[in-house]
Structure formats: C-alpha cells, structure tokens
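Chemist:
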Amino acid sequence: MGKTANEAITLGNKTKFRELADNFGLPRLIIAGFLLFLFIMAPLVGADFTTQLTNTINRFSWNAVLVLAMVPMVHSGCGLNFGLPLGIISGLLGGTMSIQFGFTGGMSFVMAIVIATPFALLSGGGYGWLLNRIKGGEMMIATYVGFSSVSFMCMMWLLLPYTSPTMVWGLSGKGLRTTISLEGFYDKVLANFLQINIGHLSIPTGSLLFFAVLAFLMWAFLHTKAGTAMTAVGSNPFFAKASGINIDRTRMLSVIMSTWLAAVGILVYQQGFGFIQLYMAPFNMAIPAVSAILIGGASVNKASIANVIIGTFLFQGIITMTPTVMNAAIHMDMSEVIRIIVSNGMILYALTRKTEGAK
Amino acid sequence: MSMKPKKTGGSSFVELIQNNSVPIMFILICAVCIPVSGFSPGYLVNEIMTRLGRNAFLILCLIFPIMAGMGLNFAMTLGAMAAEIALIFTADWQVWGIPGIVLAMILSIPISVLLGVFCGQILNRAKGKEMITSYMIAFFVDGLYQLLVLFMMGPVIPILHSTLKLPRGYGIRNTVSLLHMRQSLDNLGAIHIGAVKIPVLTLVVIALFCLFIVWFRKTKLGQDMRAVGQNMDVARDAGIKVERTRIVAIVMSTVFAGLGMVIYLQNMGNISTYSSHKQIGMFCIAALLVGGASVDKASIRNVFLGVILFHTMFIVAPATGAKVTGDSMIGEYFRVFASYGVITIALVMYEMKKRMAKGKIGQQLQLAQREEESQ
Numbered sequence: 001m002g003k004t005a006n007e008a009i010t011l012g013n014k015t016k017f018r019e020l021a022d023n024f025g026l027p028r029l030i031i032a033g034f035l036l037f038l039f040i041m042a043p044l045v046g047a048d049f050t051t052q053l054t055n056t057i058n059r060f061s062w063n064a065v066l067v068l069a070m071v072p073m074v075h076s077g078c079g080l081n082f083g084l085p086l087g088i089i090s091g092l093l094g095g096t097m098s099i100q101f102g103f104t105g106g107m108s109f110v111m112a113i114v115i116a117t118p119f120a121l122l123s124g125g126g127y128g129w130l131l132n133r134i135k136g137g138e139m140m141i142a143t144y145v146g147f148s149s150v151s152f153m154c155m156m157w158l159l160l161p162y163t164s165p166t167m168v169w170g171l172s173g174k175g176l177r178t179t180i181s182l183e184g185f186y187d188k189v190l191a192n193f194l195q196i197n198i199g200h201l202s203i204p205t206g207s208l209l210f211f212a213v214l215a216f217l218m219w220a221f222l223h224t225k226a227g228t229a230m231t232a233v234g235s236n237p238f239f240a241k242a243s244g245i246n247i248d249r250t251r252m253l254s255v256i257m258s259t260w261l262a263a264v265g266i267l268v269y270q271q272g273f274g275f276i277q278l279y280m281a282p283f284n285m286a287i288p289a290v291s292a293i294l295i296g297g298a299s300v301n302k303a304s305i306a307n308v309i310i311g312t313f314l315f316q317g318i319i320t321m322t323p324t325v326m327n328a329a330i331h332m333d334m335s336e337v338i339r340i341i342v343s344n345g346m347i348l349y350a351l352t353r354k355t356e357g358a359k
Numbered sequence: 360m361s362m363k364p365k366k367t368g369g370s371s372f373v374e375l376i377q378n379n380s381v382p383i384m385f386i387l388i389c390a391v392c393i394p395v396s397g398f399s400p401g402y403l404v405n406e407i408m409t410r411l412g413r414n415a416f417l418i419l420c421l422i423f424p425i426m427a428g429m430g431l432n433f434a435m436t437l438g439a440m441a442a443e444i445a446l447i448f449t450a451d452w453q454v455w456g457i458p459g460i461v462l463a464m465i466l467s468i469p470i471s472v473l474l475g476v477f478c479g480q481i482l483n484r485a486k487g488k489e490m491i492t493s494y495m496i497a498f499f500v501d502g503l504y505q506l507l508v509l510f511m512m513g514p515v516i517p518i519l520h521s522t523l524k525l526p527r528g529y530g531i532r533n534t535v536s537l538l539h540m541r542q543s544l545d546n547l548g549a550i551h552i553g554a555v556k557i558p559v560l561t562l563v564v565i566a567l568f569c570l571f572i573v574w575f576r577k578t579k580l581g582q583d584m585r586a587v588g589q590n591m592d593v594a595r596d597a598g599i600k601v602e603r604t605r606i607v608a609i610v611m612s613t614v615f616a617g618l619g620m621v622i623y624l625q626n627m628g629n630i631s632t633y634s635s636h637k638q639i640g641m642f643c644i645a646a647l648l649v650g651g652a653s654v655d656k657a658s659i660r661n662v663f664l665g666v667i668l669f670h671t672m673f674i675v676a677p678a679t680g681a682k683v684t685g686d687s688m689i690g691e692y693f694r695v696f697a698s699y700g701v702i703t704i705a706l707v708m709y710e711m712k713k714r715m716a717k718g719k720i721g722q723q724l725q726l727a728q729r730e731e732e733s734q
C-alpha cells in the first residue's frame with residue numbers, strides 16, 4: 001500500500017513531459033522528433049516532399065515483413081531474433097531455386113515462397129531446438145548462429161550446382177553472382193499490383209496489402225489458444241508450466257514462425273529492391289530489423305503489431321530522409337553514420353533497461 | 360575419489376577430450392590442411408611468428424573481463440579505435456619510428472580510459488547480458504568513431520597534412536600510411552634464423568605483459584575481480600565494490616587493447632581507417648576460444664595455443680581451398696566460417712554447461728532435502 005502511495009506521489013510530481021518520456025521512452029521521442037524535423041526541413045531545403053514520402057512508403061513496404069518476423073520470438077521470451085539471417089538464407093534458397101527451375105513472373109514469387117518454406121521449417125526447427133538447450137543466452141548465440149550460417153552459405157553459393165545463366169558467373173559458368181537482377185522474374189510483382197499514382201506520389205498497394213495480411217494473421221494467431229500460450233511462456237514461464245503448457249514446444253513454434261517470416265520477408269524485400277543479394281549481404285540485415293521494432297516501442301520481451309508498423313515507418317523514414325535533407329542543407333552525407341548511431345544506440349537502450357528483459 | 364581410480368581415470372580422459380574438443384578439432388584441421396597447402400615449413404613458421412607478435416598482445420587483453428565474469432569482451436574494439444585515433448595524430452605530427460609508437464601508445468590511453476569507463480557503466484546496467492551488450496557497444500561506438508574521423512577531423516580537429524585528408528577537404532582517407540613506422544618495433548633487435556624472423560622486442564613486450572597478468576592475479580584487485588567473477592552477491596557481501604571492480608576490468612581491457620592495436624598496426628604498416636578495428640574483436644575472440652578458453656575461463660596458455668592454431672588455419676585455408684576446389688574464395692569463406700563457428704560452439708557449450716551445473720545443484724539440493732526428511 002505504502003509503495004503505491006509513494007508511486008502516486010512521484011507520478012504527481014512529474015511534469016507531463018517526463019511522464020510521456022517515461023511511457024514512450026526518451027530515445028523514441030527523440031527519433032520521432034528528429035523525423036518530424038526532417039519532414040519539416042525537406043521542403044525548406046528544396047527536397048520534393050511527395051518524392052520523399054513515396055520513398056519512405058516504398059522502403060516501409062520492403063522491410064515491414066522482416067520486422068514482423070521479430071514478433072513471435074519476442075512473445076515467447078526468446079528475446080530479439082538476431083538469428084534473422086538464418087531465415088533470410090532459407091528465403092534466398094527459395095528465390096534462387098525458383099529461378100533455377102525456370103519459373104518466371106508472378107509465378108516465380110509464389111514458387112519462391114513455396115520452396116523456401118521447407119528450408120525455413122527445417123532450419124527453424126533446428127535453431128529452435130538449439131535455443132531450447134541454452135535458455136537465457138539466446139541473443140548472443142542467435143547472433144553467431146546467424147553469422148555462421150551466412151558464412152557457411154557463402155561456400156555453398158559457390159559450390160551448389162546452379163546453372164541458370166541469369167544467375168551464375170558468365171565467365172566460369174558456375175557459382176552464383178553476388179547480385180542477381182530480378183527483371184523478368186518477381187521484380188515488383190507485389191508493388192505493381194493495384195499501384196496508386198497521384199502526381200509524384202505512388203503507393204505500392206500490393207506490397208502493403210501483403211504485409212497487412214501477414215500482420216493480420218499474426219495478430220489473429222496471437223489471440224488463438226496457441227498464441228496466448230506463447231505470450232504466457234514469454235511473460236511468465238513458471239506460470240505457463242503450471243498451467244500445463246509445453247514450454248519447449250511453444251518456443252520451438254515461435255522460432256519456426258520467426259524463421260519462416262524472415263524467409264518471406266527477404267523475398268518481399270527483393271521484389272521491391274529488384275535484386276537478390278547473396279554472400280555477405282544477409283550479414284547486416286538483423287540489426288536494422290531489430291532496431292526498427294525497438295524504435296516502434298517494443299522491448300526485449302514485449303512487442304505488438306503496432307510496434308512493427310510505427311517502428312518500421314520511423315526507421316525507414318530516417319534512413320530515406322537524412323541523406324537528401326542533410327545533403328541539401330549542409331552538403332555532408334552523414335546519413336550512414338546517423339543510421340549506425342541510431343540503430344545500435346536503440347538496441348543498447350533496450351538492453352540496458354532494468355525493468356525490461358530481466359528474467 | 361581414490362576409491363575408484365579406474366573409473367575416474369576413464370571419465371577424466373573423456374572429459375579431457377570433451378573440454379578440449381575445439382583445440383583438438385583445429386589440430387585435426389591444421390594437420391589435414393598443412394600438407395595439402397604445400398607451404399614450406401620455413402615460410403609457415405615465419406608467418407606464424409609474425410602473427411604471434413602481431414596478435415598475442417591484443418588477445419591477452421581479453422583475459423581481464425573473463426576474470427571478472429563478464430564474458431568475452433566484444434567491446435575490445437573500443438581500444439582498437441582509440442589506438443587508431445592516436446596513430447592518426449602521430450602520423451599527422453610526423454613522429455615516426457619508436458618515438459612515434461610510444462607517443463601513440465601514450466595518446467591512446469586517455470581515449471581508451473574514457474571509452475572503457477563508458478562501456479563499463481553500460482555493462483553494469485546490463486548484468487547477465489554483458490556479451491550481447493558489449494557486442495552492440497562496439498557497433499555503437501563505431502558510429503561515433505566514424506562521426507569523429509569522417510566529419511570532425513579537419514573542420515573541428517585540426518589535421519595539418521592534406522595527404523591524410525580525403526580530397527573533399529575534411530575526413531581521413533581510407534588508408535593512413537605508417538610506412539616510416541612500419542615494423543620498427545619488430546625490427547629492433549630482430550633475430551633471423553634461416554627464413555624465420557623473430558621479432559625479439561615485440562615478444563619481450565608480450566612476455567612482460569604476461570608477467571604483469573600473472574602478478575596481477577595475485578594482487579588485491581585481481582583477487583577481487585575473480586571473486587566478482589565467481590559470484591557477484593557473495594563478493595558484494597564480502598565488501599568488494601562490485602560495480603567499480605567490473606568497470607576497472609573493462610577499462611584495463613580497453614587500455615591494453617589500445618596498446619595491442621598500436622603493436623598490431625605498426626606491424627601491418629598502414630591503417631584501414633574504417634575497417635581495421637571491425638574484425639579485430641571477432642578474430643581475437645575466435646583465436647582465444649580455439650586455444651581452449653571458454654566464456655568463464657581463460658589462461659595465458661590458451662592465448663598462445665590459440666594464436667598458433669587459429670592463424671595456422673588462417674594461413675593454410677585459402678591455399679588448401681584453392682588446391683581442392685580450384686577456387687580460392689572457398690578457402691577464404693571457410694576461414695570466416697571457422698571463426699564464427701568456433702565462437703558459436705564455445706558459446707553454446709558454455710550455456711549448456713551452465714544449465715547442467717544448475718541442474719546438478721538442484722538435484723543435490725533435492726537429495727539433501729530427502730535425506731533430511733528421512734532422518
């Protein structure tokens with residue numbers, strides 16, 4: 001009783017700003033303010049506002065599914081999925097095989113997802129099994145599982161018997177290229193579906209719809225029995241065990257879902273970007289996704305669909321806006337440096353919160 | 360224990376293999392790769408000797424945080440960045456040779472201390488998640504480093520020589536040449552035996568550092584560190600300032616990493632301004648783990664075994680890959696894979712052991728309880 005009374009008094013003493021900062025998190029406030037500042041500055045320094053908005057929405061549509069992949073593992077208490085590259089590799093296998101087997105156009109995208117699925121299920125299963133053996137140390141090991149798998153696949157991209165002339169090195173006729181153009185395959189298949197063009201503003205409706213469907217499915221799943229069980233495992237494993245939930249199986253399920261979403265996410269990214277990037281490219285894809293969801297208001301053990309949407313928009317907004325605005329204003333391209341500081345600082349902030357993530 | 364000598368003997372042999380599985384694996388890899396690669400023994404020994412002088416000091420600095428129970432210090436790159444900043448200044452002031460090296464070392468210390476305190480304070484707020492946090496700190500500070508070197512050097516911090524600057528007038532070039540400083544520490548008093556050059560002075564410095572570590576373990580601070588590493592709560596009850604001790608461990612690690620990086624870069628002869636420090640943490644940690652260290656235990660022996668085994672693999676892997684598959688890139692990727700794989704295996708083994716120990720304690724408690732009840 002005394003404690004709550006004390007809390008009420010301290011709350012009363014706090015200014016409104018402090019309250020807002022505490023609820024929303026100071027870094028998030030700064031980042032949102034910074035983006036707002038960029039949007040205001042853009043017309044002033046002569047950058048076209050609608051083009052900027054189009055770019056931001058476009059990049060949002062590329063990345064949103066990858067960020068959505070964070071949600072299940074955070075819910076089941078496995079922490080932030082730094083092992084995202086594992087799922088990305090499944091997606092890359094699906095994409096390259098779909099092209100290798102001769103599918104073109106929209107069909108190649110569907111087949112890429114179909115082929116990627118078994119790989120994602122298998123690798124996700126193995127990854128989940130491993131994470132169940134090392135509860136408490138998930139994030140560090142996830143990072144290195146991701147790295148090892150990426151560097152292992154670097155060898156495989158050279159050794160696997162791909163023959164499609166659009167993908168292999170022209171000179172030697174074997175070994176995949178580092179970047180593969182998707183023209184004629186699934187380049188912008190989602191983005192061009194029902195695309196809306198108003199002046200300079202163009203909205204990739206198909207990509208956004210695809211993300212909306214996946215996000216809705218995720219939301220619906222979290223409200224089913226299995227989904228509630230997942231949240232229970234994440235928030236209180238002892239309670240979950242007492243109420244008869246199979247913890248290991250639930251965690252495994254969340255890891256498999258996360259891995260599969262990462263596989264689909266990279267395919268959506270590729271269709272927007274227009275290229276498949278192999279070799280070391282998946283290396284640095286986990287950190288932007290992790291920091292995006294954190295910027296959106298998630299923590300190490302709490303995440304919602306709203307966090308995904310807000311976070312991806314803020315993060316991608318900053319990435320697209322900073323170079324143009326900065327270049328126009330002070331003729332220095334500091335965007336890369338700002339991106340590094342913002343994304344890694346955000347993750348650091350989430351890791352050091354005392355109340356959060358302490359299990 | 361002495362009652363069943365046969366059984367303990369058998370299990371201890373199995374345990375020996377289990378505990379040293381990573382070094383044994385690497386010995387096997389090296390044993391297969393060396394003959395295939397076709398390098399002459401002289402060349403190989405010379406290369407290993409060079410790399411020993413270059414890397415041993417850097418790897419030794421990882422021992423302090425492990426002693427304090429903070430795991431593998433991925434944030435040792437902070438020290439490397441401090442050293443690079445210091446070397447950029449010495450290169451700009453054109454202080455070369457041994458004086459240049461000494462000046463760079465002295466300059467790096469205050470920067471390292473500052474970064475180390477910053478890192479230690481953050482790690483104190485993330486107890487139990489030190490490794491992932493230190494890993495993220497390395498990335499975060501890399502952003503600050505780029506901000507400093509790419510944008511501040513020139514307009515804010517005066518850089519005298521335009522040869523160091525990018526053509527646009529500010530920021531440092533991608534490579535800073537240390538030609539006049541190159542291997543001046545290694546060459547001073549170096550002994551040549553056949554094709555092998557032994558950098559005596561560098562090895563003496565490393566040996567002094569080893570002696571320092573041996574001595575440090577016995578001091579009050581060293582004992583405190585080990586106590587904190589064993590159990591933070593017990594250490595706190597015993598009157599040890601846990602937070603302070605942990606910060607000291609990180610600061611020491613960062614400072615020595617800075618000195619080690621100066622040694623490393625004088626051997627290389629140039630600084631890749633934006634990438635020299637990036638891989639350092641990973642390769643040093645991988646080498647330490649290859650030497651048989653784990654997340655909570657590392658000794659000087661592990662460092663030297665690790666450098667030799669890991670770098671032998673590093674030298675022979677590309678050549679072997681090229682001979683076997685006809686593509687040199689395979690070997691390059693293999694050695695990256697091996698470094699990451701080793702760290703993964705070590706981390707997994709550490710976490711599993713921790714859980715097993717926890718389970719064992721639980722079982723023992725249960726057993727004790729049952730005995731008490733039956734009495």
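In order, the protein sequence lines correspond to chains A and B. Every letter in the first sequence is one number past the one before it in my numbering, and letter 294, counting from 1, is 294. Count along the second sequence from 1, add 359, and you get the number used in my numbering. We put the CB at the ideal spot given by N, CA and C, even for glycine. Because the structure is a prediction, the values reported are computed rather than measured.
State the Cα-Cα distance for the pair Leu-647/B and Pro-400/B, rounded to the nearest angstrom.
Modeler: Position 288 of the second sequence, counting from 1, holds the residue named residue 647/B. Position 41 of the second sequence, counting from 1, holds the residue named residue 400/B. So the two alpha carbons sit approximately 24 Å from each other.
Chemist: Could you tell me the alpha carbon to alpha carbon distance between Phe-575/B and Asn-661/B, rounded to whole angstroms?
Modeler: Here residue 575/B refers to the residue found at position 216 when the second sequence is read from its first residue. Here residue 661/B refers to the residue found at position 302 when the second sequence is read from its first residue. Rounded to the nearest angstrom, the two C-alpha atoms are 18 Å apart.
Chemist: Which residues share a DSSP beta bridge with Lys-656/B?
Modeler: One-based indexing of the second sequence puts residue 656/B at position 297. The partner list for Lys-656/B (beta bridge, DSSP) reads Ser-653/B.
Chemist: Since I believe Leu-92/A is in contact with Leu-217/A (beta carbons under 8 Å), could you give me their beta-carbon distance rounded to a whole number of angstroms?
Modeler: Within the first sequence, residue 217/A is the residue found at index 217, counting from 1. Within the first sequence, residue 92/A is the residue found at index 92, counting from 1. In fact, because the Cβ distance is near 23 Å, the residues do not count as touching under 8 Å.
Chemist: How would you list, in chain order, the residues of chain A whose beta-carbon sits under 7 Å from the beta-carbon of Gly-700/B?
Modeler: By 1-based counting over the second sequence, the position of residue 700/B is 341. Within 7 Å Cβ-Cβ: Ser-148.
Chemist: Given a cut-off of 7 Å on the beta-carbon distance, is the pair Ser-202/A and Thr-54/A in contact?
Modeler: For the purposes of this step, residue 202/A is taken as residue 202 along the first sequence, with counting starting at 1. For the purposes of this step, residue 54/A is taken as residue 54 along the first sequence, with counting starting at 1. Closer than 7 Å, so yes.
Chemist: Any idea if Gly-244/A is buried or exposed, counting beta-carbon neighbours within 10 angstroms, 16 or more meaning buried?
Modeler: The sequence position of residue 244/A within the first sequence is 244, counting from 1. Flag for Gly-244/A reads exposed.
Chemist: From the DSSP output, in three-state form, read off Asn-246/A for me.
Modeler: As a first step, residue 246/A is located in the first sequence; it is residue number 246 there, counting from the start. Looking at Asn-246/A - three-state DSSP - the assignment turns out to be coil, as it is neither helix nor strand.
Chemist: With 16 as the cutoff for other CB atoms within 10 Å, does Ile-376/B come out buried or exposed?
Modeler: Numbered from its first residue, the second sequence carries residue 376/B at position 17. Ile-376/B is exposed by the Cβ-count criterion.
Chemist: Any C-beta of chain B sitting closer than 7 Å to the C-beta of Glu-356/A?
Modeler: Numbered from 1 along the first sequence, position 356 holds the residue referred to as residue 356/A. Note on Glu-356/A: pLDDT 43, under 50, position unreliable in the model; no value is reported.
Chemist: Using a cut-off of 7 Å between C-beta atoms, extract the partners of Met-495/B located in chain A.
Modeler: Here the question's residue 495/B lines up with position 136 in the second sequence. Under the 7 Å cutoff, chain A gives Asn-344, Ile-347, Leu-348, Leu-351.
Chemist: What is the rounded straight-line gap between the Cα of Val-610/B and the Cα of Gly-428/B?
Modeler: To locate residue 610/B, count along the second sequence from 1; it is residue 251. To locate residue 428/B, count along the second sequence from 1; it is residue 69. Each residue's alpha carbon lies about 14 Å from the other.
Chemist: Do the segment 68 to 88 of chain A and the segment 294 to 306 of chain A touch if we need at least three Cβ pairs shorter than 8 Å?
Modeler: Short answer: they touch.
Chemist: Let me see if you follow: with CB-CB separation under 7 Å, is Ile-247/A close to chain B or not?
Modeler: On the first sequence, residue 247/A is found 247 positions in, with the first residue counted as 1. Judged by the 7 Å Cβ criterion, Ile-247/A is not in contact with chain B.
Chemist: Using beta carbons (cut-off 7 Å, strictly below), is Phe-152/A in contact with chain B?
Modeler: Sequence index remark: in the first sequence, residue 152/A carries index 152 (1-based). So, interface residue.
Chemist: Residues in its own chain within less than 8 Å of Pro-514/B by CB, not counting five upstream and five downstream?
Modeler: Taking the first residue of the second sequence as position 1, residue 514/B is located at position 155. Closer than 8 Å at Cβ, skipping near neighbours: Tyr-529.
Chemist: Under 8 Å, CB to CB, which of the residues in the segment 676 to 697 of chain B have a partner in chain A?
Modeler: So the close ones are Thr-684, Asp-686, Met-688, Ile-689, Tyr-692, Phe-693, Val-695, Phe-696.
Chemist: Below 8 Å CB to CB, which residues in the same chain sit around Gly-412/B once its five sequence neighbours on both sides are set aside?
Modeler: Sequence index remark: in the second sequence, residue 412/B carries index 53 (1-based). Excluding residues within five positions, the ones whose Cβ falls inside 8 Å are Asp-545, Pro-558, Thr-561, Leu-562, Ile-565, Ile-622, Asn-626.
Chemist: Along chain A, in chain order, which residues have C-beta atoms closer than 8 Å to that of Ala-646/B?
Modeler: To locate residue 646/B, count along the second sequence from 1; it is residue 287. By Cβ distance, chain A contributes nothing, its closest Cβ being about 15 Å from Ala-646/B, past 8 Å.
Chemist: Indicate whether at least one CB of chain B lies closer than 7 Å to the CB of Arg-133/A.
Modeler: Taking the first residue of the first sequence as position 1, residue 133/A is located at position 133. So, interface residue.
Chemist: Give the DSSP bridge partners of Gln-277/A, in chain order.
Modeler: Counting from one through the first sequence, the residue named residue 277/A turns up at place 277. DSSP output for Gln-277/A lists Thr-179/A as bridge partner(s).
Chemist: Given Ile-457/B, which residues of its chain have a CB within under 6 Å of its CB, disregarding the five upstream and five downstream residues?
Modeler: Working through the second sequence from its first residue, we reach residue 457/B at position 98. Counting only Cβ-Cβ distances below 6 Å, and skipping sequence neighbours, we find Ser-543.
Chemist: What separation, rounded to the nearest whole angstrom, lies between the Cα atoms of Arg-484/B and Phe-385/B?
Modeler: As a first step, residue 484/B is located in the second sequence; it is residue number 125 there, counting from the start. As a first step, residue 385/B is located in the second sequence; it is residue number 26 there, counting from the start. Distance between the alpha carbons of Arg-484/B and Phe-385/B is about 37 Å.
Chemist: Determine the direct distance from the alpha carbon of Val-189/A to that of Lys-656/B, and round the result to whole angstroms.
Modeler: One-based indexing of the second sequence puts residue 656/B at position 297. One-based indexing of the first sequence puts residue 189/A at position 189. Those two C-alpha atoms are separated by around 53 Å.
Chemist: Using CA coordinates, which residue listed in Leu-421/B, Ala-697/B, Arg-605/B is at the minimum distance from Met-435/B?
Modeler: Taking the second sequence and counting its residues from 1, one reaches residue 435/B at position 76. The option with the nearest alpha carbon to Met-435/B is Leu-421/B.
Chemist: Please classify Asn-590/B as buried or exposed, where buried requires at least 16 other C-beta atoms within 10 Å of its C-beta.
Modeler: Indexing the second sequence from 1 puts residue 590/B at position 231. Label assigned to Asn-590/B: exposed.
Chemist: Using a Cβ-Cβ cut-off of 7 Å, state whether Ile-295/A counts as contacting chain B.
Modeler: Residue 295/A sits at position 295 when you count from the first residue of the first sequence. So no, Ile-295/A is outside the interface.
Chemist: Which residue comes first and which comes last in the alpha helix (DSSP H) that contains Val-150/A?
Modeler: Stepping through the first sequence from its first residue, residue 150/A is reached at position 150. Residues 138 to 159.
Chemist: For Pro-677/B, does the count of other Cβ atoms within 10 angstroms reach 16, so buried, or fall short, so exposed?
Modeler: Within the second sequence, the letter at position 318 stands for residue 677/B. Buried: at least 16 other Cβ atoms inside 10 Å.
Chemist: Determine the direct distance from the alpha carbon of Ile-57/A to that of Ala-69/A, and round the result to whole angstroms.
Modeler: For the purposes of this step, residue 69/A is taken as residue 69 along the first sequence, with counting starting at 1. For the purposes of this step, residue 57/A is taken as residue 57 along the first sequence, with counting starting at 1. Those two C-alpha atoms are separated by around 19 Å.
Chemist: Assuming the contact rule is C-beta atoms closer than 8 Å, Val-114/A and Ala-292/A should be a hit. Round their C-beta distance to whole Å, please.
Modeler: Residue numbering aside, residue 114/A sits at position 114 when the first sequence is read from its first letter. Residue numbering aside, residue 292/A sits at position 292 when the first sequence is read from its first letter. Between Ala-292/A and Val-114/A the Cβ distance is about 27 Å, and since that is not below 8 Å, they are no contact.
Chemist: Looking at chain B, is there any beta carbon in it that lies within less than 7 Å of the beta carbon of Met-139/A?
Modeler: Taking the first residue of the first sequence as 1, we reach residue 139/A at position 139. It does; some Cβ of chain B falls within 7 Å.
Chemist: Looking only at DSSP bridge pairs, what is Ile-557/B linked to?
Modeler: Start at 1 with the first residue of the second sequence, and residue 557/B comes out as number 198. Its beta-bridge partners are Ile-550/B.
Chemist: Would you list, in sequence order, the uninterrupted alpha helix (DSSP H) runs of no fewer than 4 residues that lie entirely inside the segment 274 to 339 of chain A?
Modeler: Counting whole runs of 4 or more residues, the segment 274 to 339 of chain A contains the alpha helix (DSSP H) stretches 286 to 295, 305 to 330.
Chemist: How far does the beta strand (DSSP E) with Val-535/B in it extend, from its first residue to its last?
Modeler: Reading the second sequence from its first residue, position 176 is the one you call residue 535/B. That run of the beta strand (DSSP E) goes 534 to 536.
Chemist: If we ignore side chains and look at the alpha-carbon of each, how far apart do Ala-450/B and Ile-134/A end up?
Modeler: Against the second sequence, residue 450/B aligns to sequence position 91. Against the first sequence, residue 134/A aligns to sequence position 134. Looking at the two C-alpha atoms, the distance is approximately 47 Å.
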